[in-house]
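Taking it in order: structure first as structure tokens, then the write-up.
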DNA sequence: AGAAAAGTTGACCATTTTTTGATTTTTTAT
DNA sequence: ATAAAAAATCAAAAAATGGTCAACTTTTCT
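Chains as they are written, first to last, in the numbering used here: chain A, 34 to 257; chain B, 34 to 257.
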């Protein structure tokens, strides 16, 4: 499931450049060319924010300070000023890292990846889900039925994870496709159908049960 | 118990300045005005080392390189030269961070605190790990199977150590690459594949066993 | 400087996963 | 009962992944 990155910078050239690169790296991006716009995009719950310090009206530091209490995700500052003061300010205001212009795109994406990964670990979301005798370990990405392990491929597991963490909710194929492949992915949501079939097959073969229900004309749901 | 910080710099002015400030911050400090002195102070097991690169006789990089295998604590380089090359060298030689003169005392102590915090988590790892009849000595960096020593190169050992200390967890090649080479390293994670192959080869030849398991599409894990 | 060891790279192949498209089955509405 | 829409099935193509090898570069040691 692709991570969402919010890029905030008043220069469109810059946001476009970063957005393109990060999308190439497999992330979903949200772009805001002003702090105001950024605030409204926060509702989409980005997983990481790249924040330019120099902006008109509300600058990056102000923005960071005001959202830090509500938003827990990593924030990386981008700045042209290289004074020490900036670094400290950034970190005091609740930033997690800073990077000074000019920087290489690769360095940026390396840091993005590192922060996302670190964040992943510290998020103390439950890492084991259960359903009947099924034990789904999200960190090992394994599924056990009693002693028996049921092997699932990456995409299959992604879908299981998504449906299970949102158990009892119905999602149509489009929605599932978007959740797993990212909403800029170009492709047919027909793949979902096939993956669901594979998942059902494996689960049913071992457990004799059906966990995923089809709601006709609506989508699929994981029955808890 | 206050953390001990070893400050290494040939200029007494500097060591005194840093020492005073860090003591104000509540740390214990050890001061060395030469690399030789530093080496003997290592016996007191500092929790972090601040190391000037420019020093007569043995310079900071040399010192770092020669102690890195025995000392696990974070090392922060201090340098007046601000070339990129220095940064890279510092990190390659086993440093954890660098800071360029002039810097503010606040920034230094902020970084010190950050590194100590990070290190806290990873601490208290044992010096010797075992798996079946395999004995892996982290301080000597040797691997024995019974009486027989299995020779591993540095990178190979690094990978074994990483996987073993996180046994049963799955890491994809990217993660392993990042863990060993550092996240700012530019390079292909395909090297990991090759190292894993070498490690497996050596281990299997001697022990007849497979310790590293491949989880398809997921990565590798050391089976405990 | 030269040899040996370590580290890295890119290509190739086998295997597995993922995707696609055609076809069949099921469900719903008329 | 029948047609239309939605979902399931199946097989085969396409893409991604992992293992292996040989060549190449860098580092280390003598």
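Glycine is no exception: its CB is placed at the ideal position from the N, C-alpha and C atoms.
Keep in mind it's a predicted model, so treat the numbers as computed, not measured.
Just the chain A side, please: which residues come within less than 8 Å of residue i by C-beta, in chain order?
i, result
"residue 251 of chain B", "174 and 187"
If we cut at 8 Å on Cβ distances, does residue i have a partner in chain B?
i, result
"residue 147 of chain A", "yes"
"residue 139 of chain A", "yes"
"residue 35 of chain A", "no"
"residue 51 of chain A", "no"
"residue 155 of chain A", "Only weak support is given to the placement of residue 155 of chain A: the predicted model assigns it a pLDDT of 49, under 50, and the question is left unresolved by the model."
Using a beta-carbon distance below 8 Å, is residue i in contact with chain A?
i, result
"residue 64 of chain B", "no"
"residue 112 of chain B", "no"
"residue 225 of chain B", "no"
"residue 169 of chain B", "no"
Which residue comes first and which comes last in the alpha helix (DSSP H) that contains residue i?
i, result
"residue 197 of chain A", "187-198"
"residue 74 of chain A", "68-74"
"residue 235 of chain B", "223-240"
"residue 98 of chain B", "93-100"
"residue 46 of chain A", "45-57"
Give the residues of chain A in contact with residue i, contact being defined as C-beta atoms less than 9 Å apart.
i, result
"residue 211 of chain B", "143, 146, 147 and 150"
"residue 41 of chain B", "Here the premise fails: no neighbours, minimum Cβ distance about 22 Å."
Strictly below 7 Å CB to CB, what residues from chain A border residue i?
i, result
"residue 161 of chain B", "Simply none; closest approach about 26 Å."
"residue 219 of chain B", "139"
Taking 6 Å as the limit between beta carbons, can you name the residues of its chain near residue i, skipping five residues before and five after?
i, result
"residue 42 of chain A", "48 and 85"
"residue 200 of chain B", "255 and 257"
"residue 196 of chain B", "255"
"residue 168 of chain A", "177"
"residue 235 of chain B", "183"
"residue 70 of chain A", "none"
"residue 146 of chain A", "none"
Starting from the C-beta of residue i, find all residues in its chain whose C-beta is less than 8 Å away, skip the five residues before and the five after it, and write them out in chain order.
i, result
"residue 192 of chain A", "209, 213, 225, 228, 229 and 232"
"residue 252 of chain B", "203, 204, 205, 206, 208 and 209"
"residue 45 of chain B", "66"
"residue 148 of chain A", "81, 107, 109, 129 and 130"
"residue 134 of chain A", "111, 112 and 113"
"residue 95 of chain A", "68"
"residue 179 of chain B", "166"
"residue 158 of chain B", "Interpretation of residue 158 of chain B is limited by its pLDDT of 49, a score under 50 that renders its predicted location unreliable; no figure is taken from the coordinates."
"residue 51 of chain A", "40, 42, 62, 83, 138 and 141"
"residue 163 of chain A", "169"
What span of residues does the beta strand (DSSP E) with residue i cover, start to end?
i, result
"residue 65 of chain A", "61-65"
"residue 164 of chain B", "161-164"
"residue 211 of chain B", "Element bounds for residue 211 of chain B: not the beta strand (DSSP E) but the alpha helix (DSSP H), 206-214."
"residue 182 of chain B", "181-183"
"residue 255 of chain B", "252-255"
"residue 178 of chain A", "175-178"
"residue 169 of chain B", "167-170"
"residue 41 of chain A", "37-41"
"residue 85 of chain A", "81-85"
"residue 90 of chain B", "Premise fails: residue 90 of chain B is in no beta strand (DSSP E) and is neither H nor E."
"residue 219 of chain B", "Taken as a continuous stretch (DSSP letters only), residue 219 of chain B belongs to no beta strand (DSSP E), as it is neither H nor E."
Looking at residue i and the ligand GTP, is the gap between the Cβ and the nearest heavy atom below 7 Å?
i, result
"residue 254 of chain A", "Within the structure as shown, the ligand GTP is missing, as the structure has no ligands at all."
Near residue i, what residues of its chain come up, given a Cβ to Cβ distance below 7 Å and the 5 sequence neighbours on each side ignored?
i, result
"residue 77 of chain B", "37 and 63"
"residue 106 of chain B", "79, 80, 81, 82 and 152"
"residue 247 of chain B", "253"
"residue 190 of chain A", "174"
"residue 249 of chain B", "none"
"residue 74 of chain A", "39, 63 and 65"
"residue 89 of chain B", "43"
Where DSSP assigns a beta bridge to residue i, which residues make up the other side?
i, result
"residue 131 of chain A", "A:110"
"residue 104 of chain A", "In the DSSP output, where bridge partners are listed per residue, residue 104 of chain A has none listed."
"residue 140 of chain B", "In DSSP, residue 140 of chain B forms no bridge with anything."
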